[in-house]
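Enquirer: Position in the sequence shown (first residue = 1) + 17 = this note's numbering.
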Amino acid sequence: MFSDGHLPGFCVNSPKVLKAPFNWLLWGILFFFALILIKFGVLPSFNNTRGDFANYYTAACLVKKGAPLARAYQDFTWFQMEMDRHGIVHQVGGFIPHPPPTAMVFLPLTFFDAVTAKNLWTAFNVLSIIVCIFGLTRLAQLHWLPVAAIFLGTGFGLINNFLFGQMYLLLTATIVLGLWAHRRGYDVLAGILLALMIPMKYFGILFIAYFAWKRQWRLVCSALATIFLVVGFTAFMAGFEPFHVFVTEVFPRHFRGEIQDPFAILFQSWASLFRRLFVYNATLNPAPPLHFPPAFFFLSSAAFWGFAALVLWLFVRVRFKSQNHQILFEIGLLPLLFLIVSPSGTTYHFLLLTITTTAFIKILIDQQRHLPAAALAVLFIVINLPHYIRLMPYAQGWLTPLGYSRLWLLLIFAALAWRYFRPLITLQSTKIILEKYLAFAVLLLASLSVVAGVRASRTAEKDDGATWLRIDDPEFKRHQGLLMKNPDIGAKRVVFSYCEFWNEQYTIFSTDSGRWTPPARRNYYHPDLAPDDSSLLMQTVVNGRDEIWLSRSQGQEPKFAVAGAFPSWKESGRNFVYVEGNAIKLAAIEAKQIKTVTLMEVDDQTVFDLACSPQGNFLAYCALANDSAGKRFQLRLYDFNNGNDEILIEALDSHLEQPAWSPDEKNLLFARRERGNREVYAFNFATRKVHQLTQHRGEDTSPVWDAVNKRILFTSDRGRGLEFSAIFWLPASQALVNGE
Numbered sequence: 018m019f020s021d022g023h024l025p026g027f028c029v030n031s032p033k034v035l036k037a038p039f040n041w042l043l044w045g046i047l048f049f050f051a052l053i054l055i056k057f058g059v060l061p062s063f064n065n066t067r068g069d070f071a072n073y074y075t076a077a078c079l080v081k082k083g084a085p086l087a088r089a090y091q092d093f094t095w096f097q098m099e100m101d102r103h104g105i106v107h108q109v110g111g112f113i114p115h116p117p118p119t120a121m122v123f124l125p126l127t128f129f130d131a132v133t134a135k136n137l138w139t140a141f142n143v144l145s146i147i148v149c150i151f152g153l154t155r156l157a158q159l160h161w162l163p164v165a166a167i168f169l170g171t172g173f174g175l176i177n178n179f180l181f182g183q184m185y186l187l188l189t190a191t192i193v194l195g196l197w198a199h200r201r202g203y204d205v206l207a208g209i210l211l212a213l214m215i216p217m218k219y220f221g222i223l224f225i226a227y228f229a230w231k232r233q234w235r236l237v238c239s240a241l242a243t244i245f246l247v248v249g250f251t252a253f254m255a256g257f258e259p260f261h262v263f264v265t266e267v268f269p270r271h272f273r274g275e276i277q278d279p280f281a282i283l284f285q286s287w288a289s290l291f292r293r294l295f296v297y298n299a300t301l302n303p304a305p306p307l308h309f310p311p312a313f314f315f316l317s318s319a320a321f322w323g324f325a326a327l328v329l330w331l332f333v334r335v336r337f338k339s340q341n342h343q344i345l346f347e348i349g350l351l352p353l354l355f356l357i358v359s360p361s362g363t364t365y366h367f368l369l370l371t372i373t374t375t376a377f378i379k380i381l382i383d384q385q386r387h388l389p390a391a392a393l394a395v396l397f398i399v400i401n402l403p404h405y406i407r408l409m410p411y412a413q414g415w416l417t418p419l420g421y422s423r424l425w426l427l428l429i430f431a432a433l434a435w436r437y438f439r440p441l442i443t444l445q446s447t448k449i450i451l452e453k454y455l456a457f458a459v460l461l462l463a464s465l466s467v468v469a470g471v472r473a474s475r476t477a478e479k480d481d482g483a484t485w486l487r488i489d490d491p492e493f494k495r496h497q498g499l500l501m502k503n504p505d506i507g508a509k510r511v512v513f514s515y516c517e518f519w520n521e522q523y524t525i526f527s528t529d530s531g532r533w534t535p536p537a538r539r540n541y542y543h544p545d546l547a548p549d550d551s552s553l554l555m556q557t558v559v560n561g562r563d564e565i566w567l568s569r570s571q572g573q574e575p576k577f578a579v580a581g582a583f584p585s586w587k588e589s590g591r592n593f594v595y596v597e598g599n600a601i602k603l604a605a606i607e608a609k610q611i612k613t614v615t616l617m618e619v620d621d622q623t624v625f626d627l628a629c630s631p632q633g634n635f636l637a638y639c640a641l642a643n644d645s646a647g648k649r650f651q652l653r654l655y656d657f658n659n660g661n662d663e664i665l666i667e668a669l670d671s672h673l674e675q676p677a678w679s680p681d682e683k684n685l686l687f688a689r690r691e692r693g694n695r696e697v698y699a700f701n702f703a704t705r706k707v708h709q710l711t712q713h714r715g716e717d718t719s720p721v722w723d724a725v726n727k728r729i730l731f732t733s734d735r736g737r738g739l740e741f742s743a744i745f746w747l748p749a750s751q752a753l754v755n756g757e
């Protein structure tokens, strides 16, 4: 607790009434940023469900209705379709793999439709601003006006928090109120507030560790109990599988900065910077100044551990005369450390920097150092401007660091704060030469990172050798975070479902002639191209219902065919199979109508991913049976001639998906997810054996056989962010070509 003799409220040397000129200046700054926020952040957020809100709200809806939340981390297309079913239109950002408890925050909003829920969330965020300003005012014992000016000075980050429907205002509010509760002596409440958001956003862990170091055990125990209760409630509502998938498949990539685009300047971090400088990637970073991955491993690790060691040194050695100032300095360091070492830094993260800025400015004002306080406040505002976006075109080659202006400004902010504080502090002596031990630890950890990284790289060099499929179209030479899903081949043409991260509209593209479907206010998935290379089936969602639409030529507006999912041509342009409810049906296209018949009912299974054989004699499909034995995925074969239905492969808790035929019908390609990783396999009908075709830590799925080029196409996120897939290809091995 703060204990320098002051009662709660304003410090004796902090004026309750500001001088007139300074007062008017602050009012002007406050009104300016308030108008900017209202115009570009608050008002556009109403009746607008785009952004991260759509992820959180849809995930909460899945939990409410008992749907498998774990599937969201493994199938972005499925989750996008769930967004469609819940009324999310023109989504931005797709699914971002958030921790499972995130859905719990939005569970109360699922009782409203998506638009109403977003409006309520926007109003809640407006209230959260007031709470944050109040909390920071009480915590730092400053006049509310400069605190409000600083907080609204977050600008771009605050605007994006509203536009994307993010949770960082809620996170900041809980942290600030938790710190204030500790100041007031309510340690149990403080622990609850500080830990409440840890299962969703990890930042609060730093404060729990800090108070453990301070031996505030009531607070720490309260925090740990809160984390346990939040995780337990989530497990009760959604099960343990989402946690297993997140911890084993998502979190390691999140920690490495491999969510979304790991090379993106927009997500400013040391990992992103050093990747762009030293790691070649054919799809995302084709021209680094120097391809030398050990430099990336060493420098990114050294930056992380180096700044962490520096903050530890400051905690141990720096001492202010005032206990108030000592604790303000320490709690201000933690958000600064988080932002500097974060594996992926985005604009709304910088709401947390308001804690640092307010705490540091309070210390300087108490020492009558108003000019340095103003300098830090101005620099804080500059940090939050979108200057790095303007610099991105110049961040090429060895000039790449120019694009990371926010990182450099953070370091300048830290350096200036140290310069201003240095006359106010003394350095406490230690029994050991702490600097040497910390430096040795940083070098050791960075060196071990190089060893681990090089070893992983050597393992990767032994992979399948798949090649990225370059598509010469301007659409695929811009931005980051491209998602290519579900490729399919007619006679010679390849089509696929595609969306771009900042304009989340799934459309159908062709590799040789660009966009297939005209722009529309709906998403198109699971394309199936007939051998005539012009008749295209696709799946969409209209008013919450799965529908299959038909396009007869590229550029033609698709038209409704039938209600259902997973279409597959049986006979080129004339009839196709699909799933409707618990039945597999056959649709025959006639002159003025489409007639349907039921091939079979599957009451005890979920059927998906249909694939008719090239000659139209067989249907391969996937099924999921869920009984006392667990989840059993099956790859099955249906004979159109005699109605026989057999199991080709059955796997317990091992996901089978996306079957695709070889042209001679002797092999069946499919994807299998096992031990947290997807690979492509082939089933040979003659030998009844399964061959693994791909080997990579990336998610390989959706295989198709390109007979013309004698290769196998598939989608993979290898070298990219989780599920941010591109199309790759492998030469069809002679054994598979010969059907051996």
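Just so you know, even glycine gets a beta-carbon here, dropped at the ideal spot from N, CA and C.
For LYS81, report the span of its alpha helix (DSSP H) as first-last.
Expert: It spans 69 to 81 - the alpha helix (DSSP H) in which LYS81 sits, taken as one unbroken run.
Enquirer: Rounding to the nearest angstrom, what Cα-Cα distance links TRP322 and LEU441 in this structure?
Expert: Spanning the two alpha carbons is a distance of roughly 27 Å.
Enquirer: Taking the DSSP output, what are the residues bridged to SER585?
Expert: The partner list for SER585 (beta bridge, DSSP) reads VAL594.
Enquirer: Using 8 Å as the threshold, is the C-beta distance between LYS502 and THR711 below it?
Expert: Contact: no.
Enquirer: For the stretch 644 to 716, list the alpha helix (DSSP H) runs that are entirely contained and at least 4 residues long, ordered along the chain.
Expert: Complete alpha helix (DSSP H) runs here, min 4: none at all.
Enquirer: For the candidate residues VAL725, LEU206, LEU126, whose alpha-carbon lies nearest to that of ALA76?
Expert: When only C-alpha atoms are compared, the closest one is LEU126.
Enquirer: Let me know if THR443 comes out buried or exposed under the rule of 16 or more other beta-carbons within 10 Å of its beta-carbon.
Expert: The residue in question, THR443, is exposed, as its Cβ has fewer than 16 Cβ neighbours within 10 Å.
Enquirer: Could you tell me the distance, in whole angstroms, from the CA atom of ASP130 to the CA atom of ALA51?
Expert: Between ASP130 and ALA51, the C-alpha separation is close to 29 Å.
Enquirer: Taking the CB atoms as reference points, tell me whether VAL296 and PHE313 lie closer together than 8 Å.
Expert: The answer is yes: Cβ separation under 8 Å.
Enquirer: Would you call the stretch 207 to 216 and the stretch 75 to 91 in contact, with 3 or more CB pairs under 8 Å?
Expert: Counting Cβ pairs under 8 Å, fewer than three are found: no touch.
Enquirer: Nearest-angstrom Cα distance between SER750 and ALA668?
Expert: Between SER750 and ALA668, the C-alpha separation is close to 25 Å.
Enquirer: Name the DSSP beta bridge partners of ILE525, please?
Expert: BP columns for ILE525 point to SER514.
Enquirer: At the level of alpha carbons, what is the spacing between PHE687 and ASP92?
Expert: In a straight line, the C-alpha of PHE687 is about 15 Å away from that of ASP92.
Enquirer: What three-state label does DSSP hand TRP763 in the structure shown?
Expert: Because the chain in this structure spans residues 18 to 757, residue 763 falls outside the shown range and cannot be described.
Enquirer: What does the alpha-carbon distance come out to for the pair VAL467 and LYS587?
Expert: If you take the alpha carbons of VAL467 and LYS587, they lie about 53 Å apart.
Enquirer: In the structure shown, what three-state DSSP assignment does ASP734 receive?
Expert: Three-state DSSP puts ASP734 in coil, outside helix and strand.
Enquirer: Taking Cβ to Cβ, would you say PHE263 is nearer than 8 Å to PRO117?
Expert: The answer is yes: Cβ separation under 8 Å.
Enquirer: Between the stretch 166 to 175 and the stretch 212 to 219, do three or more beta carbon pairs fall short of 8 Å?
Expert: Contact between the stretch 166 to 175 and the stretch 212 to 219 is absent, because fewer than three Cβ pairs lie under 8 Å.
Enquirer: Buried or exposed, going by whether 16 or more other CB atoms sit within 10 Å of the CB of VAL471?
Expert: By the neighbour-count rule (16 or more Cβ atoms within 10 Å), VAL471 is not buried but exposed.
Enquirer: Hey, could you find the ends of the alpha helix (DSSP H) TYR297 is sitting in?
Expert: Per DSSP, TYR297 belongs to no alpha helix (DSSP H) and is neither H nor E.
Enquirer: Over what stretch of residues does the alpha helix (DSSP H) that includes SER318 continue unbroken?
Expert: From DSSP, the alpha helix (DSSP H) with SER318 extends over 310 to 334.
Enquirer: Taking 6 Å as the limit between beta carbons, can you name the residues of its chain near TRP197, skipping five residues before and five after?
Expert: Correct list, in chain order: GLY152, ARG155, LEU156.
Enquirer: What's the gap between the Cα of ASN560 and the Cα of TYR541?
Expert: About 14 Å.
Enquirer: Note down, one range per segment and in chain order, each alpha helix (DSSP H) of at least 4 residues found wholly within the stretch 215 to 263.
Expert: Taking only runs of at least 4 residues, the alpha helix (DSSP H) segments lying wholly in the stretch 215 to 263 are 222 to 230, 234 to 255, 258 to 262.
Enquirer: Please classify GLN497: is it buried, with 16 or more other beta-carbons within 10 angstroms of its beta-carbon, or exposed?
Expert: Summary for GLN497: the model assigns pLDDT 49, below 50, so the residue's position carries little reliability; its value from the coordinates is reported in the next sentence. By the neighbour-count rule (16 or more Cβ atoms within 10 Å), GLN497 is buried.
Enquirer: Using only the alpha-carbon positions, how far apart do VAL512 and ASP717 sit?
Expert: Their backbone Cα atoms lie some 18 Å apart in a straight line.
Enquirer: Taking its Cβ as the centre, do 16 or more other Cβ atoms sit within 10 Å of ARG737, making it buried, or is it exposed?
Expert: Flag for ARG737 reads buried.
Enquirer: Is the number of C-beta pairs between the stretch 55 to 67 and the stretch 177 to 186 that are closer than 8 Å three or more?
Expert: Segments in contact, yes.
Enquirer: When the Cα of THR528 is compared with those of GLN522, LYS509, PRO535, which residue comes out closest?
Expert: Closest option to THR528, Cα to Cα, is LYS509.
Enquirer: From the DSSP output, in three-state form, read off GLN497 for me.
Expert: Note that GLN497 has pLDDT 49, beneath the 50 cutoff, so the model's placement of it is unreliable and no number is given.
Enquirer: Taking the alpha helix (DSSP H) that TYR404 belongs to, which residues open and close that run?
Expert: Inspection of the sequence shows that residue 404 is occupied by His rather than by Tyr. Where HIS404 is concerned, the enclosing alpha helix (DSSP H) stretches over 404 to 408.
Enquirer: Give a yes or no on whether the C-beta atoms belonging to GLY170 and PHE377 are separated by under 8 Å.
Expert: It is not a contact, given that the beta carbons lie outside the stated cut-off.
Enquirer: Terminal residues of the continuous alpha helix (DSSP H) containing THR443?
Expert: THR443 -> not in any alpha helix (DSSP H); beta strand (DSSP E) instead, spanning 442 to 444.
Enquirer: Does TYR454 pass the burial test, meaning 16 or more other C-beta atoms within 10 Å, or should it be called exposed?
Expert: TYR454 comes out exposed.
Enquirer: Can the beta-carbon of VAL594 be found closer than 8 Å to that of LEU627?
Expert: Cβ distance < 8 Å, so VAL594 and LEU627 count as in contact.
Enquirer: Please confirm whether ILE565 and LEU554 have their CB atoms less than 8 Å apart.
Expert: Yes, these two residues count as a Cβ contact at 8 Å.
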